[in-house]
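Every position in the sequence shown, counted from 1, becomes a number in the working numbering once 952 is added.
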Amino acid sequence: MKYDVKNLKLAGEGKKRIEWANEYMSVLSLIRKRFSKEKPLKGVKVAACLHVTTETANLALTLKAGGASVILCASNPLSTQDDVAASLVKDYGMSVFAKKGEDNQTYYKHINVALDTKPNITMDDGADLVATIHKNKKSLVANILGGTEETTTGVIRLRSLEENNVLMYPIIAVNDADTKHFFDNRYGTGQSTIDGIVRATNVLLAGSVFIVCGYGWCGRGVAMRARGMGANVIICEVDPLKALEAVMDGYSVMPIGKAAKLGDVFVTLTGDINVLRAEHFKQMKSGAIICNSGHFNVEIDIPALSRMSKGKRKMREFVDQYTFINGKKLNLIGEGRLVNLAAAEGHPASVMDMSFANQALSCEYVCKNYKKLGKKVYKVPAVIDKEIARLKLKSLGVAIDTLTAEQKKYLASWELGT
Ligand code: ADE
């Protein structure tokens, strides 16, 4: 078995943390139990490019229980939990290629090693496996039944491949399942982003001016939680609908050009490049904290920040302080990479439970249905989505109502009115 992890001696700690997360992943545990009996993934090779966390470990073990062989690499150079990677190798005999802080070259080397196994299923978080295959490993498609994609940014890249008629195999957009983005993107990103900022800086949010760039599901979650901590939240948006929603949710909304001089903390979650750039850095107050919680480290123009600064000093574990010629200081967390995974532990297990239940069941779905699928981006089938919601409610001990026969009939008829 091949692997490349930081330190196998970390395995003991990683194993305990994997088990801890498992206790909060009730839906995935049920799937794992069924997979162990039915082996729906028997003989299937899965290459998974995901954030290597305790939750991902439990997904990988679920796929393995279903009969798959899994090779795991990181979907971000700074998100790997090295103790988890070590435990997966040492305690569970899994091939893992991921090290926190790996450089870009190593990151892609690891992706290529995963692809060298000639997988049948690709499981992506950000579409780097799919992009690498489509750019320079097209021959691998012959072995591929299909793939899955975890995140908004990845789905956008896949839709672009599909619209240009160059997508080479079917992919299930796990991100677009209701039991994924309504919960993971909103409550997961909401909590874990605040967690990352607070762990990295220990800043007091109460009374601060907190700028959220992007009011998608992730931005909504972060804004909601920052407000809950007592911050004065300002939303910056380009989409009039989302901006209007932010206004009616009670936030101040203004262009980043105006918000830049007001903010104490800035978070980008837009999926686009150079959202915070030189013209904004110029206006920011000394001591401002800047971070990103969108998938790629492109939302903050770090080269511009470097050019404008006379020096950079690492002030805390994940905080670089850039000092301008006039003495102004700006603090960047986690090198502009996902702050929740770089400086904290990512989303809590309880919410990843639903995301990864979607991954496991989508993987099974592709294995059973690949012959019927075209070269398209598919939604997670509604029955899977609803079943995950049902199981999650059950595990939370929440019962809900059912329609009476009369109510069902009413909903199915067009004749009945007032
Ligand atoms: N994305 C966000 N949080 C995550 C986590 N805890 N594990 C894997 N992927 C994530």
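Just so you know, even glycine gets a beta-carbon here, dropped at the ideal spot from N, CA and C.
Under a Cβ-count criterion, where at least 16 other Cβ atoms within 10 Å of its own Cβ denotes burial, should residue i be classed as buried or exposed?
i: VAL1219; result: buried
i: GLN1311; result: buried
i: ASP1305; result: buried
i: GLU971; result: exposed
i: GLU1358; result: exposed
i: ARG1265; result: exposed
i: ASN1010; result: buried
i: ARG1259; result: exposed
i: MET1200; result: exposed
i: ASN959; result: exposed
i: ASP1337; result: buried
i: ASN1056; result: exposed
i: GLU990; result: exposed
i: LEU1363; result: exposed
i: PRO1255; result: exposed
i: GLY1171; result: buried
i: ILE1085; result: buried
i: THR1145; result: buried
i: TRP1169; result: buried
i: SER1238; result: exposed
i: SER1314; result: buried
i: ALA1341; result: buried
i: ILE1277; result: exposed
i: GLU952; result: This structure does not reach residue 952, given that the chain is present from 953 up to 1370, and the question cannot be answered.
i: ILE1352; result: exposed
i: LEU1196; result: exposed
i: LEU1343; result: buried
i: VAL1118; result: exposed
i: ARG1209; result: First, the residue type needs correcting, since residue 1209 is Gly and not Arg in the sequence shown. That one is exposed.
i: SER1047; result: buried
i: LYS1324; result: exposed
i: LYS1234; result: exposed
i: VAL996; result: buried
i: THR1131; result: buried
i: GLU1316; result: buried
i: SER1091; result: exposed
i: ALA1334; result: exposed
i: SER988; result: exposed
i: LEU937; result: Nothing about residue 937 can be read from this structure; the chain reaches only from 953 to 1370.
i: MET1236; result: buried
i: GLY1369; result: exposed
i: PRO1029; result: buried
Could you spell out where the beta strand (DSSP E) holding residue i opens and where it closes?
i: GLN1033; result: Neither: GLN1033 is in no beta strand (DSSP E) and is coded neither H nor E.
i: ASP1272; result: 1271 to 1276
i: GLY1142; result: Per DSSP, GLY1142 belongs to no beta strand (DSSP E); it is in the alpha helix (DSSP H), 1141 to 1153.
i: LYS1360; result: Here LYS1360 belongs to no beta strand (DSSP E); instead the alpha helix (DSSP H) covers 1357 to 1364.
i: ASN1438; result: One cannot answer for residue 1438 here, as it falls past the ends of the chain, which runs 953 to 1370.
i: ILE1073; result: 1073 to 1076
i: LYS1324; result: No beta strand (DSSP E) contains LYS1324, which DSSP labels as neither H nor E.
i: ALA1351; result: Unbroken run through ALA1351: none, as it is neither H nor E.
i: MET1120; result: Looking at the DSSP string, MET1120 is not in any beta strand (DSSP E), and its letter there is neither H nor E.
i: MET1267; result: 1261 to 1268
i: SER1047; result: 1047 to 1049
i: PHE1162; result: 1161 to 1165
i: TYR1330; result: 1329 to 1331
Considering just the uninterrupted stretch of the alpha helix (DSSP H) at residue i, what are its terminal residues?
i: ILE1340; result: 1334 to 1347
i: ASN1249; result: Element bounds for ASN1249: n/a, residue is neither H nor E.
i: SER1307; result: 1301 to 1321
i: PHE1233; result: 1230 to 1235
i: SER1112; result: 1104 to 1115
i: ARG969; result: 963 to 974
i: ASN959; result: Taken as a continuous stretch (DSSP letters only), ASN959 belongs to no alpha helix (DSSP H), as it is neither H nor E.
i: ILE1225; result: Neither: ILE1225 is in no alpha helix (DSSP H) and is coded neither H nor E.
i: ALA1094; result: Taken as a continuous stretch (DSSP letters only), ALA1094 belongs to no alpha helix (DSSP H), as it is neither H nor E.
i: ILE1085; result: 1080 to 1088
i: ILE1063; result: 1056 to 1068
i: ALA1294; result: 1291 to 1294
Check the C-beta distance from residue i over to residue j and give it rounded, since I have them as a contact under 8 Å.
i: ASN1292; j: THR1141; result: 7 Å
i: ASP1068; j: VAL957; result: Contact doesn't hold; Cβ gap of about 17 Å is too wide.
i: ILE1225; j: VAL1190; result: 13 Å between Cβ atoms; not a contact.
i: SER1302; j: TYR1044; result: At roughly 22 Å, the Cβ-Cβ gap does not stay under 8 Å, so SER1302 and TYR1044 are not in contact.
i: ALA963; j: ALA1038; result: 4 Å
i: VAL979; j: SER1347; result: 6 Å
i: GLY1078; j: HIS1299; result: That pair is no contact at about 15 Å.
i: VAL1126; j: VAL1271; result: About 32 Å; that fails the 8 Å criterion.
i: TYR1322; j: PRO1071; result: Incorrect: roughly 13 Å between the Cβ atoms, too far for contact.
i: LEU1221; j: VAL1174; result: 6 Å
Cβ of residue i versus every heavy atom of the ligand ADP: is any distance shorter than 8 Å?
i: ASP1136; result: The ligand ADP is absent from the structure shown, which contains only the ligand ADE.
Original post:
Enumerated in chain order, which unbroken segments of the beta strand (DSSP E) with a length of 3 residues or greater are wholly contained in the stretch 1176 to 1214?
Top reply: If we require 3 residues or more, the beta strand (DSSP E) runs fully inside the stretch 1176 to 1214 come out as 1184 to 1188.
Original post:
What beta strand (DSSP E) runs, 3 residues minimum, are completely inside the stretch 988 to 1028?
Top reply: 997 to 1002 and 1021 to 1026, all fully within the stretch 988 to 1028.
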